[in-house]
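Input: a single structure, listed below in structure tokens.
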Amino acid sequence: QKEVEQNSGPLSVPEGAIASLNCTYSDRVSQSFFWYRQYSGKSPELIMSIYSNGDKEDGRFTAQLNKASQYVSLLIRDSQPSDSATYLCAVLSGGSYIPTFGRGTSLIVHP
Amino acid sequence: DVKVTQSSRYLVKRTGEKVFLECVQDMDHENMFWYRQDPGLGLRLIYFSYDVKMKEKGDIPEGYSVSREKKERFSLILESASTNQTSMYLCASSSGGTNEKLFFGSGTQLSVL
């Protein structure tokens, strides 16, 4: 059974701080890793994808992947109240079309 | 931009009714998915389709069936709706590659009374 684990939170950070969201996965042959953001009452939307070890930056967002330790993280710099949402980690194994989702971490950015 | 359209944003049905949830994507994607999302349980896969007329059961297929007669359309059918099927239903699609992200529709909040 493939598992993706996330702390449900809520993670509360002040505006302007760095928010750090973490995700661990069980399947060692996982190849593709995604972070989706879901606002309350809305559907998930992709914000980052990462496929190789190391960091990938896109604006205020940085995804970090460590396959040896089987974790992937998302850093949000200069957090804004508009970043308040649930963040879903998703993992795809090699050769699979079906991602395994974590249950999500709720992030609250307070002014 | 890819668009995944779900036919209804809110639906209210009665126990025992047959319910159809429709999903259409406009990017010629091979893969389509139906999920339900409940508080504290995350996204759970109901059915997956990788081609026209092809389908695979997900984690919770009981009480549901699907139809994919055309590539762009994937329908979820509740043969006899029950109150425990009250949930948010999300359709998604992805292209044929194995590293592809999902594009989600806006969701259908179904209430079964």
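Order-wise, the sequence lines are chains L and S.
According to this note's numbering, the first sequence is numbered sequentially starting from 62.
According to this note's numbering, the second sequence is numbered sequentially starting from 14.
Don't be surprised by glycine CBs; every beta carbon is placed ideally from N, CA and C.
Residue-chain proximity (residue i, chain S), Cβ-Cβ < 7 Å
i	result
Tyr158(L)	yes
Ser104(L)	yes
Phe94(L)	no
Leu107(L)	yes
Ser145(L)	no
Phe162(L)	yes
Ser101(L)	no
Ser110(L)	yes
Test item: CB-CB of residue i and residue j under 7 Å
i	j	result
Gly118(S)	Cys36(S)	yes
Leu115(S)	Ser124(S)	no
Val79(S)	Leu89(S)	yes
Ser91(L)	Ser154(L)	yes
Glu30(S)	Ala94(S)	yes
Phe95(L)	Ala151(L)	yes
Arg98(L)	Ile111(L)	no
Tyr60(S)	Trp47(S)	yes
Asp139(L)	Gly77(L)	yes
Gln38(S)	Val17(S)	yes
Leu103(S)	Ser104(L)	yes
Residue i (DSSP reduced to helix, strand or coil)
i	result
Pro75(L)	strand
Ser143(L)	helix
Asn68(L)	coil
Gln98(S)	helix
Glu30(S)	coil
Ile90(S)	strand
Ser110(L)	strand
Leu115(S)	coil
Gln62(L)	coil
Ser81(L)	strand
Ser108(S)	coil
Ser89(L)	For the record, residue 89(L) in the displayed sequence is Arg; it is not Ser. In the structure shown, Arg89(L) sits in coil (DSSP, three-state: anything other than H, G, I, E or B).
Anticipated Cβ contact below 8 Å, residue i with residue j, distance rounded
i	j	result
Leu135(L)	Tyr148(L)	6 Å
Ser69(L)	Ser130(L)	Rounded, the Cβ-Cβ distance is 21 Å, inconsistent with contact.
Val74(L)	Gly163(L)	About 19 Å separates the two Cβ atoms, so there is no contact after all.
C-beta neighbour in chain L for residue i, strict 7 Å
i	result
Ser100(S)	no
Ser119(S)	yes
Phe87(S)	no
Leu34(S)	no
Leu56(S)	yes
Heavy atom of the ligand MG within 6 Å of residue i beta-carbon
i	result
Met67(S)	This structure simply doesn't include the ligand MG, nor any ligand for that matter.
>> What ranges does the alpha helix (DSSP H) occupy inside the segment 42 to 88 of chain S, keeping only unbroken runs of at least 4 residues that lie completely in it?
In response: Residue ranges of uninterrupted alpha helix (DSSP H) with 4 or more members are absent from the segment 42 to 88 of chain S; none lies entirely inside it.
> Can you list the beta strand (DSSP E) stretches of 3 or more residues lying completely in the segment 113 to 166 of chain L, in chain order?
Replying inline: With a minimum length of 3 residues, the continuous beta strand (DSSP E) runs that stay inside the segment 113 to 166 of chain L are 115 to 119, 122 to 127, 132 to 137, 146 to 154.
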